[in-house]
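Chemist: Under our numbering, read the sequence shown as residues 77 to 304, first letter to last. The beta carbon of each residue, even a glycine, is placed where N, CA and C say it ideally should be. Treat the numbers as computed from the prediction; the structure is a model and nothing was measured.
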Amino acid sequence: MTTATQAYGETWYWDNRYSNEPGPFDWYQKYQNLAPIINHYVPRNHRILVVGCGNSAFSEGMVDDGYQDVVNIDISSVVVESMQNKYQDRSDLKYMKMDVRDMSAFETESFGAIVDKGTLDSILCGGDSRQNATQMLKEVWRVLKDKGVYILVTYGAPSHRLRLLRESSSWEIKLHVIEKLGPDESHDDPIWELTKPVPLNDDGSSVEEALGKNPDVHYIYICTKDIL
Ligand SMILES: C[S@@+](CC[C@H](N)C(=O)[O-])C[C@H]1O[C@@H](n2cnc3c(N)ncnc32)[C@H](O)[C@@H]1O
Numbered sequence: 077m078t079t080a081t082q083a084y085g086e087t088w089y090w091d092n093r094y095s096n097e098p099g100p101f102d103w104y105q106k107y108q109n110l111a112p113i114i115n116h117y118v119p120r121n122h123r124i125l126v127v128g129c130g131n132s133a134f135s136e137g138m139v140d141d142g143y144q145d146v147v148n149i150d151i152s153s154v155v156v157e158s159m160q161n162k163y164q165d166r167s168d169l170k171y172m173k174m175d176v177r178d179m180s181a182f183e184t185e186s187f188g189a190i191v192d193k194g195t196l197d198s199i200l201c202g203g204d205s206r207q208n209a210t211q212m213l214k215e216v217w218r219v220l221k222d223k224g225v226y227i228l229v230t231y232g233a234p235s236h237r238l239r240l241l242r243e244s245s246s247w248e249i250k251l252h253v254i255e256k257l258g259p260d261e262s263h264d265d266p267i268w269e270l271t272k273p274v275p276l277n278d279d280g281s282s283v284e285e286a287l288g289k290n291p292d293v294h295y296i297y298i299c300t301k302d303i304l
């Protein structure tokens, strides 16, 4: 039997969910909360790819904030068709049905930044998770330009994500954190300043020293492609 979280790696699950819940819905964080970190790492004239976009308003937030070319992909044809209809008049927002594990429709080194909010997490929930995640990260590396950034927003602490990232490619990795928030909550006194990287040593134990054990945060890994 497939459990609910295992199904996050399956196309039928997302088609079903998007047929019943048209959204918009943003997992983890909305654009407005993450804008300072996106602005910090991604120049507005870069071509951006959002992988596993779902029906989130994140990309709309980006173009409203001055980003000019945001390409979105998702494995669910249901959500892609609905987003294509919703944004048919916005030439700066494109939606395509595509599996992030096979982005052969995109040329090598064609994006300056890739945003992933919850998609690697979903793939890690499904069957063959390790193999699927490795295939995804290989494709993410390929379509990024040299010095481009893969921005991974996840619930996964360094003890669960660092090795996977490091084993996939020779990323240069910085870590940021943001408090988990309810839909209309904001924090005046954050646990850690959003745009200041958290100290990151080889095994990630420095993060616990800085933030304490099991902090109530989402992790933002800034992975820079550095072809030496
Ligand atoms: C947790 S949701 C996140 C949606 C959106 N990024 C957000 O932040 O609200 C994960 C998304 O990844 C998509 N997805 C899952 N596996 C995928 C794959 N192999 N290729 C592309 N998209 C995938 C799902 O259809 C779903 O929309």
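With the cut-off set at 8 Å, would you say V274 and H252 are in Cβ contact?
Modeler: Contact: yes.
Chemist: Run the Cβ filter for me: residues under 5 Å from any heavy atom of ligand 1, listed in the order they occur in the chain.
Modeler: This selection yields W90, D102, W103, G128, G130, S132, D150, I151, S152, D175, V176, K193, G194, T195, S198.
Chemist: Of all the beta strand (DSSP E) runs that stay within the bounds of the region 237-288, which reach a length of 3 or more residues?
Modeler: Taking only runs of at least 3 residues, the beta strand (DSSP E) segments lying wholly in the region 237-288 are 248-255.
Chemist: For T300, report the span of its alpha helix (DSSP H) as first-last.
Modeler: Note, T300: premise wrong, no alpha helix (DSSP H); beta strand (DSSP E) at 293-300.
Chemist: If I measure Cβ to Cβ from C129 and keep anything under 8 Å in the same chain, skipping five residues before and after, which residues do I get?
Modeler: Taken in chain order, the residues that qualify are S135, N148, I149, D150, V155, M159, Y171.
Chemist: Since I46 and A209 should fall inside the 8 Å C-beta cutoff, what is the C-beta to C-beta distance between them, to a whole number of angstroms?
Modeler: Residue 46 is absent from the structure shown; the chain starts at 77 and stops at 304.
Chemist: Below 8 Å on the Cβ atoms is my contact criterion, and I expect R242 with S186 to pass it. Report the Cβ-Cβ distance as a whole number of Å.
Modeler: In fact, because the Cβ distance is near 24 Å, the residues do not count as touching under 8 Å.
Chemist: Using a Cβ distance threshold of 8 Å, determine whether the region 277-284 contacts the region 212-226, with at least three qualifying pairs required.
Modeler: Contact between the region 277-284 and the region 212-226 is absent, because fewer than three Cβ pairs lie under 8 Å.
Chemist: Can you find the residues in the same chain that come closer than 6 Å, C-beta to C-beta, to R120, ignoring five residues on each side of it along the sequence?
Modeler: Same-chain partners within the cutoff: G142, Y143.
Chemist: Between E255 and L228, what straight-line distance do the alpha-carbon atoms span, to the nearest angstrom?
Modeler: Cα to Cα, E255 sits roughly 15 Å from L228.
Chemist: Can you give, in chain order, each stretch of the alpha helix (DSSP H) that sits fully within the region 92-164 and has at least 4 residues?
Modeler: Listed in chain order, the complete alpha helix (DSSP H) runs (minimum 4 residues) inside the region 92-164 are 107-117, 134-140, 153-162.
Chemist: Is it the case that the Cβ atoms of S205 and G85 are separated by a distance below 8 Å?
Modeler: Going by C-beta atoms, S205 is nearer than 8 Å to G85.
Chemist: Hey, would you say N109 sits closer than 8 Å to L257, going by beta carbons?
Modeler: Result yes, Cβ atoms of N109 and L257 sit closer than 8 Å.
Chemist: Tell me, please, which residues DSSP counts as bridged to I227.
Modeler: BP columns for I227 point to V191, I298.
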